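Student: Got a structure for you, questions after.
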Amino acid sequence: GAVVSQHPSWVICKSGTSVKIECRSLDFQATTMFWYRQFPKQSLMLMATSNEGSKATYEQGVEKDKFLINHASLTLSTLTVTSAHPEDSSFYICSAGEGLAGAFQETQYFGPGTRLLVL
Amino acid sequence: QKEVEQNSGPLSVPEGAIASLNCTYSDRGSQSFFWYRQYSGKSPELIMFIYSNGDKEDGRFTAQLNKASQYVSLLIRDSQPSDSATYLCAVNRENTGNQFYFGTGTSLTVIP
Numbered sequence: 004g005a006v007v008s009q010h011p012s013w014v015i016c017k018s019g020t021s022v023k024i025e026c027r028s029l030d031f032q033a034t035t036m037f038w039y040r041q042f043p044k045q046s047l048m049l050m051a052t053s054n055e056g057s058k059a060t061y062e063q064g065v066e067k068d069k070f071l072i073n074h075a076s077l078t079l080s081t082l083t084v085t086s087a088h089p090e091d092s093s094f095y096i097c098s099a100g101e102g103l104a105g106a107f108q109e110t111q112y113f114g115p116g117t118r119l120l121v122l
Numbered sequence: 005q006k007e008v009e010q011n012s013g014p015l016s017v018p019e020g021a022i023a024s025l026n027c028t029y030s031d032r033g034s035q036s037f038f039w040y041r042q043y044s045g046k047s048p049e050l051i052m053f054i055y056s057n058g059d060k061e062d063g064r065f066t067a068q069l070n071k072a073s074q075y076v077s078l079l080i081r082d083s084q085p086s087d088s089a090t091y092l093c094a095v096n097r098e099n100t101g102n103q104f105y106f107g108t109g110t111s112l113t114v115i116p
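Pasting the structure below:
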């Protein structure tokens with residue numbers, strides 16, 4: 004149980020284009036999903052917290068107009084990188100919270116990640 | 005002070021030995037504690053969680069929690085080369101808007 008998928012797993016795009024990444028909880032409903040970015044040999048960096056039916060909460064320094072997050076259902080959140088540039092190239096990982104949202108028992112399960120390369 | 009601190013390592017142990025990974029956290033209000041394993045180039049996967057003081061065992065893994073000392077550890081018995089990865093400690097505090105705080109991870113290498 005507690006499986007999270009991401010699509011696509013790899014994407015290469017030209018500078019200036021937009022890229023959409025999907026995150027799905029396959030066998031549970033997730034009121035909350037999280038989006039992380041990780042550069043090589045660095046730690047996870049939380050970008051935003053996505054709550055179903057409401058606006059995402061972005062971490063300081065993350066441009067909400069550049070990284071659009073939509074959490075349209077209890078099993079799907081999307082991250083759109085708008086007008087991507089080479090410096091946006093990174094490993095993007097989503098996670099979904101299983102359990103009562105906000106309760107201490109809530110557990111995060113991670114998707115397999117999406118590697119983005121912007122040329 | 006960081007919310008969650010881990011020794012970045014690298015930690016090297018011989019195959020078959022016990023690997024001990026440590027984590028400290030700053031907020032006494034923290035209530036749940038998680039260990040994730042991340043292989044190079046992959047996303048983190050949950051190993052186990054612990055809520056109560058004491059030990060919790062799952063196969064070769066044992067999580068230990070000491071809330072008074074604000075300390076949580078992960079022991080890996082009979083370490084295998086396949087255990088070589090980065091281990092992330094995470095802490096959750098109730099009623100903080102789903103805030104998970106991750107440490108920067110400890111790199112473990114198990115030498116055959």
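Protein chains in written order, with this note's numbering: chain Y, 4 to 122; chain F, 5 to 116.
Every residue gets a Cβ at the ideal spot worked out from N, C-alpha and C, and that includes glycine.
Just so we're clear, the structure is a prediction, and the values are computed from it rather than from any experiment.
Since F37(Y) is in the beta strand (DSSP E), which residue starts that stretch and which ends it?
Tutor: Reading the first sequence from its first residue, position 34 is the one you call residue 37(Y). Run containing F37(Y): 35-41, per the beta strand (DSSP E) assignment.
Student: Alpha carbon to alpha carbon, what distance is there between A72(F) and A75(Y)?
Tutor: Within the first sequence, residue 75(Y) is the residue found at index 72, counting from 1. Within the second sequence, residue 72(F) is the residue found at index 68, counting from 1. The alpha-carbon atoms of A75(Y) and A72(F) are separated by roughly 41 Å.
Student: When you compare only the Cα positions, how much space is there between W28(Y) and A67(F)?
Tutor: Taking the first residue of the first sequence as 1, we reach residue 28(Y) at position 25. Taking the first residue of the second sequence as 1, we reach residue 67(F) at position 63. In the sequence on display, residue 28(Y) carries Ser and not Trp. Across the structure, S28(Y) and A67(F) are spaced so that their CA atoms are roughly 27 Å apart.
Student: Scan the stretch 82-98 of chain F for residues whose Cβ lies nearer than 8 Å to a Cβ of chain Y and list them as they occur along the chain.
Tutor: The residues in question are L92, A94, N96, R97, E98.
Student: Give me whichever residues DSSP pairs with R118(Y) in a beta bridge.
Tutor: As a position in the first sequence, residue 118(Y) is number 115, starting the count at 1. W13(Y), F94(Y), per the DSSP bridge assignment.
Student: Can you tell which of Q10(F), S12(F), V17(F), Q42(F) has the C-alpha that lies nearest to the C-alpha of S83(F)?
Tutor: One-based indexing of the second sequence puts residue 83(F) at position 79. When only C-alpha atoms are compared, the closest one is V17(F).
Student: Kindly indicate which three-state DSSP category P14(F) falls into: helix, strand or coil?
Tutor: For the purposes of this step, residue 14(F) is taken as residue 10 along the second sequence, with counting starting at 1. If DSSP states are grouped into helix, strand and coil, P14(F) belongs with coil.
Student: Is any beta-carbon of chain F found at less than 8 Å from that of S46(Y)?
Tutor: Within the first sequence, the letter at position 43 stands for residue 46(Y). Interface residue, yes.
Student: Measuring alpha carbon to alpha carbon, tell me which residue in N11(F), V8(F), R32(F), L15(F) is nearest I115(F).
Tutor: For the purposes of this step, residue 115(F) is identified with residue 111 of the second sequence, where counting begins at 1. Cα-wise, what sits closest to I115(F) is L15(F).
Student: Determine the contact status of V91(F) and L78(F), defining contact as a CB-CB distance below 8 Å.
Tutor: Within the second sequence, numbered from 1, the residue matching residue 91(F) stands at position 87. Within the second sequence, numbered from 1, the residue matching residue 78(F) stands at position 74. In the sequence as displayed, the identity of residue 91(F) is Tyr instead of Val. Yes, the Cβ-Cβ distance between Y91(F) and L78(F) is below 8 Å.
Student: Any beta carbon from chain Y within less than 8 Å of Q74(F)'s own beta carbon?
Tutor: Here the question's residue 74(F) lines up with position 70 in the second sequence. No, no contact with chain Y.
Student: Whole angstroms are fine: how far does the CA of P85(F) sit from the CA of T113(F)?
Tutor: As a first step, residue 113(F) is located in the second sequence; it is residue number 109 there, counting from the start. As a first step, residue 85(F) is located in the second sequence; it is residue number 81 there, counting from the start. Distance between the alpha carbons of T113(F) and P85(F) is about 7 Å.
Student: Since P115(Y) meets chain F, which of its residues come closer than 8 Å, beta carbon to beta carbon?
Tutor: As a first step, residue 115(Y) is located in the first sequence; it is residue number 112 there, counting from the start. Listed along chain F are K46, S47, each with a C-beta nearer than 8 Å to that of P115(Y).
Student: At what residues does the beta strand (DSSP E) containing A75(Y) begin and finish?
Tutor: As a position in the first sequence, residue 75(Y) is number 72, starting the count at 1. A75(Y) -> beta strand (DSSP E) spans 70-76.
Student: What does DSSP give as the partner residues of I22(F) in its beta bridges?
Tutor: Here residue 22(F) refers to the residue found at position 18 of the second sequence. In DSSP, I22(F) forms no bridge with anything.
Student: For D30(Y) and S30(F), I'd like the C-alpha separation in whole angstroms.
Tutor: In the first sequence, residue 30(Y) corresponds to position 27, counting from 1. In the second sequence, residue 30(F) corresponds to position 26, counting from 1. So the alpha carbons of these two residues sit roughly 34 Å apart.
Student: Which of the three DSSP states, helix, strand or coil, is assigned to S77(F)?
Tutor: In the second sequence, residue 77(F) corresponds to position 73, counting from 1. In the structure shown, S77(F) sits in a strand (DSSP, three-state: E or B).
Student: Check each residue of the stretch 94-119 of chain Y: if its Cβ is closer than 7 Å to any Cβ of chain F, include it; give the result in chain order.
Tutor: I96, G100, A104, G105, A106, F107, Q108, E109, T110, Q111, Y112, F113, G114, P115, G116
Student: Do we get a CB-CB distance below 8 Å when we pair L50(F) with the residues of chain Y?
Tutor: Here residue 50(F) is taken as the residue at index 46 of the second sequence, counted from 1. Yes - at least one Cβ of chain Y is within 8 Å of the one on L50(F).
Student: Using the rule of at least 16 other Cβ atoms within 10 Å of the residue's Cβ for burial, across every protein chain shown, is D91(Y) buried or exposed?
Tutor: Residue 91(Y) sits at position 88 when you count from the first residue of the first sequence. D91(Y) is buried by the Cβ-count criterion.
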